[in-house]
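Here the working numbering is used: position 145 in the sequence shown is 149, and no number is missing along the way. Virtual Cβ for every residue (Gly too), placed ideally from N, Cα, C. Let me begin by presenting the structure, written as structure tokens, before commenting on it.
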Amino acid sequence: LVLHLAENKIQKAGKRIFDIIAEGRKIAEALDPAGQYGYRQAVTLTADSLLVADGILDIYLNNRKDVSLLNAIEIFPLQTGVQKSHELSAPKTFDLLPNYPNPFNGSTVLPFILPKSGNVSIQIYNLAGQRMFSTRIQNLNAGLQKYKWTASVPSGMYFVKILYMTGNTKLTKSRKIVFIK
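This is the structure in structure tokens:
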């Protein structure tokens, strides 16, 4: 289990404090993102070998001061060495997942899912429709992919557009993102 967060609102230490508990295990105690990591700094917390016995991941955010925050969660299955009777299948649909952190300062991760291997084109547009950034990535495998974008644009709201191409298929997904300098 990997948790991602960034303090994008409160700049002073001690103003937002909370605990993170997953499946009854403390992942973070008295977490103060601004005080411990700094304002607008990406934080990654990892919990290895977390047992989810009932198939539902329980995460509890205990507010000590102000409200807690969590920008993104990544879940990785634990390899046990026990062979299952069925194989995991590739994802069936193309999707653009929420970026993290959002809003962001400096850089953000753009996660997306490919149902088959293929090529992608990532484009960032401002609200006036002007293309501010573009890149093309070839020969990506099926499954979860991530692209880290380092912004060199003015603060504001933008749209990320990902074009997925495989064979004769072309699919597009878009999402709103916010950049704060």
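For residue 115, the enclosing beta strand (DSSP E) starts and ends at 111-118. With 16 or more other Cβ atoms from the protein chains shown falling within 10 Å of its own Cβ, residue 118 counts as buried. Closest in alpha carbon position to residue 116, among 145, 66, 64, 51, is 145.
By the neighbour-count definition (other C-beta atoms within 10 Å, threshold 16), residue 128 is a buried residue. According to the DSSP assignment, residue 40 belongs to no beta strand (DSSP E) but to the alpha helix (DSSP H) extending over 37-40. Closest in C-alpha terms to residue 19, from the list 62, 183, 71, comes 71. Exclusion of the five residues before and after residue 184 leaves 107, 109, 159 as the residues of its chain whose Cβ lies within less than 6 Å of its Cβ.
The alpha carbon of residue 12 has as its nearest neighbour, out of 41, 30, 24, the alpha carbon of 41. With respect to the C-alpha of residue 174, the residue from 15, 97, 38, 10 having the closest C-alpha is 97.
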